[in-house]
Amino acid sequence: MLITIDLQSEIPLYLQLKTQLIKGIATGELAEGEPLPSFRQLSADLGINMLTVKKTYDQLKQEGYLTMHRQKGAVVNGQLHARMTDQYVLTLKQQLAPFITEAFCYGMKKAQFTAICNALYEELEEGKEND
Numbered sequence: 565m566l567i568t569i570d571l572q573s574e575i576p577l578y579l580q581l582k583t584q585l586i587k588g589i590a591t592g593e594l595a596e597g598e599p600l601p602s603f604r605q606l607s608a609d610l611g612i613n614m615l616t617v618k619k620t621y622d623q624l625k626q627e628g629y630l631t632m633h634r635q636k637g638a639v640v641n642g643q644l645h646a647r648m649t650d651q652y653v654l655t656l657k658q659q660l661a662p663f664i665t666e667a668f669c670y671g672m673k674k675a676q677f678t679a680i681c682n683a684l685y686e687e688l689e690e691g692k693e694n695d
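Position one of the sequence shown corresponds to residue 565 (our numbering), numbered consecutively onward.
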């Protein structure tokens with residue numbers, strides 16, 4: 565999986581990395597049980613601080629995307645799809661609320677917003693089908 569970090573972006577580096585890794589898991593580019601590079605290796609490959617990678621991996625572990633093994637390091641969680649819970653739905657609503665509010669303030673109609681969401685969801689589904 566190719567990860568690109570934009571050092572000029574206003575989006576924090578750890579969030580750029582986290583988003584791309586989650587997308588890789590969602591599309592199947594990163595398969596269940598697949599080990600990820602070590603903190604040191606990925607930080608060297610991307611030219612970012614090792615603690616940034618560690619922070620990202622720690623968050624992904626806490627959110628259930630990764631598990632940590634002594635020998636393999638960070639591994640894509642094989643039980644992720646079984647984790648859809650009421651708590652996840654609540655968290656998702658809380659995360660979406662600011663985006664919806666901002667879009668509303670800019671005058672975006674509900675149909676436009678849902679069309680954007682649908683297009684992004686379809687991109688993920690297509691990425692998964694192309695494997």
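Beta carbons: idealized from backbone N, C-alpha and C, even for Gly. From a predicted model like this one, the values you see are computed outputs, not experimental measurements.
Burial check for F603: the Cβ neighbour count within 10 Å reaches 16 or more, so the residue is buried. Under DSSP, no beta-bridge partner is assigned to A590. With contacts defined as CB atoms closer than 8 Å, G588 and L594 qualify as a contacting pair. Taking all protein chains in view, the Cβ of Y670 is surrounded by fewer than 16 other Cβ atoms within 10 Å, so the residue is classified as exposed. The beta carbon of Y629 is closer than 8 Å to those of L585, I586, I589, V640, N641, L644 in its chain, skipping five residues each way along the sequence. DSSP places T649 in the coil class of the three-state scheme, outside both helix and strand. Rounded to whole angstroms, L684 and K625 show a C-alpha spacing of 24 Å. In this structure, DSSP gives T631 an extended state, which the three-state scheme calls strand. For a cut-off of 8 Å, the C-beta gap from A638 to P576 is around 19 Å, too long to register as a contact. Looking at L656, L579, P601, the one whose alpha-carbon comes closest to that of T616 is L579. In the DSSP annotation of this structure, the continuous segment of the alpha helix (DSSP H) that includes A608 starts and ends at 603 to 610. Straight-line spacing of the CA atoms in C681 and L660 works out to 11 Å.
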